[in-house]
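*Asks:* Quick one: this structure, given as structure tokens, is what I'll be asking you about.
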Amino acid sequence: AQSVTQLDSQVPVFEEAPVELRCNYSSSVSVYLFWYVQYPNQGLQLLLKYLSGSTLVESINGFEAEFNKSQTSFHLRKPSVHISDTAEYFCAVSERGNKLTFGTGTQLKVEL
Amino acid sequence: DTGVSQDPRHKITKRGQNVTFRCDPISEHNRLYWYRQTLGQGPEFLTYFQNEAQLEKSRLLSDRFSAERPKGSFSTLEIQRTEQGDSAMYLCASSLGPGTGRGNIQYFGAGTRLSVL
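In structure tokens, the structure reads:
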């Protein structure tokens, strides 16, 4: 069975500082990996995805994540955060096109 | 593309009452998923449909829960004899099926927040 671990429940960071949100997964088969972002009282928005090909994937708002098969990780990074990045971030895994299994989420709080 | 739509956004009910939620997926998507999210947790899978066929149900989905997608378009999730433990955000997502070259990218609605008093 697939599972996702997000070790950091909260990450406080100052604006313009770099940030890394950690995600590790477990699966016995090949997987697709996703990061979703959730703002208060809203649904989840897809931030970026790894399906195949290049292990480094990027979003349009400066986030990137790298798929590391040997370490079974898919950490999310941003070199310089903005106050508007404050939100909850969920890592998720899908075993080739089926249900998503989510981690427990990381609350990113960007402070001035 | 109008996105995934869920109705209602909020539902307050008394314990023991039945409730029904509706989800309208993105029009060309043939897969539709239901998830439940409780406070401080990530969403948990409940069930999913491919067209009108319900292909998988989680063990979280007790006998009091039933989901339908009668014409392969919108879906309903009904909870009978609600309990306080049913209080959660119920999220719907839709996607194209596998083999489309676009993976299983699921797009989520804003959710229905259920409060059982």
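If you read the sequences in order, they're chains A and B. Okay, so the first sequence: first residue is 38 according to our numbering, each after it adds one. Okay, so the second sequence: first residue is 78 according to our numbering, each after it adds one. Cβ atoms here follow ideal geometry from the backbone N, Cα and C, with glycine treated the same way.
Please classify aspartate 163 (chain B): does DSSP put it in a helix, a strand, or coil?
*Replies:* If DSSP states are grouped into helix, strand and coil, aspartate 163 (chain B) belongs with the helices.
*Asks:* Under 8 Å: do the stretch 119–133 of chain B and the stretch 126–145 of chain A share three or more Cβ pairs, one atom per stretch?
*Replies:* A contact exists between the stretch 119–133 of chain B and the stretch 126–145 of chain A.
*Asks:* Mind the definition here: the stretch 54–64 of chain A touches the stretch 112–126 of chain A only if three or more C-beta pairs lie below 8 Å; say whether that holds.
*Replies:* Contact holds: three or more Cβ-Cβ distances are below 8 Å.
*Asks:* State the Cα-Cα distance for the pair threonine 124 (chain B) and aspartate 101 (chain B), rounded to the nearest angstrom.
*Replies:* Each residue's alpha carbon lies about 15 Å from the other.
*Asks:* Assuming the contact rule is C-beta atoms closer than 8 Å, glutamate 103 (chain A) and leucine 93 (chain A) should be a hit. Round their C-beta distance to whole Å, please.
*Replies:* Contact holds; Cβ gap of about 5 Å.
*Asks:* To the nearest angstrom, report how far apart serine 121 (chain A) and arginine 92 (chain B) are at their CA atoms.
*Replies:* Their backbone Cα atoms lie some 38 Å apart in a straight line.
*Asks:* What does phenylalanine 139 (chain A) reach in chain B if we use C-beta pairs closer than 7 Å?
*Replies:* By Cβ distance, chain B contributes Gly119 and Pro120.
*Asks:* Could you check which residue in A:Gln43, A:Gln39 and A:Ser91 has the C-alpha nearest to that of serine 67 (chain A)?
*Replies:* Of A:Gln43, A:Gln39 and A:Ser91, the residue nearest in Cα terms is A:Gln39.
*Asks:* Starting from the Cα of arginine 99 (chain B), find the closest Cα among B:Ser135, B:Gln114, B:Val193 and B:Pro147 and give me that residue.
*Replies:* Out of B:Ser135, B:Gln114, B:Val193 and B:Pro147, B:Pro147 has the C-alpha closest to the C-alpha of arginine 99 (chain B).
*Asks:* Could you check whether the stretch 71–81 of chain A touches the stretch 121–130 of chain A, counting it as contact only if at least three pairs of C-beta atoms, one from each stretch, sit closer than 8 Å?
*Replies:* The answer is yes - the stretch 121–130 of chain A touches the stretch 71–81 of chain A, with three or more Cβ pairs under 8 Å.
*Asks:* Can you pull the chain A neighbours of phenylalanine 185 (chain B), defined as C-beta to C-beta under 7 Å?
*Replies:* Gly80 and Leu81, listed in chain order.
*Asks:* Could you work out which residues of chain B lie near phenylalanine 127 (chain A), taking near to mean beta carbons separated by less than 9 Å?
*Replies:* Those are Gly119 and Pro120, listed as they occur along chain B.
*Asks:* Along chain A, which residues have their Cβ under 7 Å away from the Cβ of isoleucine 89 (chain B)?
*Replies:* By Cβ distance, chain A contributes nothing, its closest Cβ being about 15 Å from isoleucine 89 (chain B), past 7 Å.
*Asks:* I'd like to know whether the C-beta atoms of alanine 165 (chain B) and arginine 86 (chain B) end up nearer to each other than 8 Å.
*Replies:* Contact: no.
*Asks:* Compare the C-beta of serine 91 (chain A) against all C-beta atoms of chain B and say whether one is closer than 8 Å.
*Replies:* Answer no: the Cβ-Cβ gap between serine 91 (chain A) and chain B never drops below 8 Å.
*Asks:* Under 8 Å, do leucine 84 (chain A) and glutamine 183 (chain B) count as touching if we go by C-beta distance?
*Replies:* Cβ atoms of leucine 84 (chain A) and glutamine 183 (chain B): not closer than 8 Å.
*Asks:* Going straight from the alpha carbon of leucine 70 (chain A) to that of isoleucine 156 (chain B), what length do you get?
*Replies:* For leucine 70 (chain A) and isoleucine 156 (chain B), the distance between alpha carbons rounds to 31 Å.
*Asks:* Using a Cβ cut-off of 8 Å, pull out every chain A residue sitting near glutamate 53 (chain B), in sequence order please.
*Replies:* Limits of chain B in this structure are 78 at one end and 194 at the other, which puts residue 53 (chain B) out of reach.
*Asks:* Can you tell me the Cα-Cα spacing of asparagine 105 (chain A) and lysine 86 (chain A), whole angstroms?
*Replies:* So the two alpha carbons sit approximately 13 Å from each other.
*Asks:* Classify aspartate 122 (chain A) as helix, strand or coil using the three-state DSSP reduction.
*Replies:* Three-state DSSP puts aspartate 122 (chain A) in a helix.
*Asks:* Any idea which residues DSSP pairs aspartate 84 (chain B) with across the strands?
*Replies:* Answer is B:Arg99, bridged to aspartate 84 (chain B).
*Asks:* Can you list the residues of chain A that asparagine 107 (chain B) reaches, using a CB-CB cut of under 9 Å?
*Replies:* Those do not exist, as asparagine 107 (chain B) stays about 12 Å from chain A at its closest Cβ, beyond 9 Å.
*Asks:* Would valine 147 (chain A) pass as a contact of valine 41 (chain A) if the rule is Cβ separation under 8 Å?
*Replies:* Their beta carbons are not under 8 Å apart, which means valine 147 (chain A) does not touch valine 41 (chain A) by this criterion.
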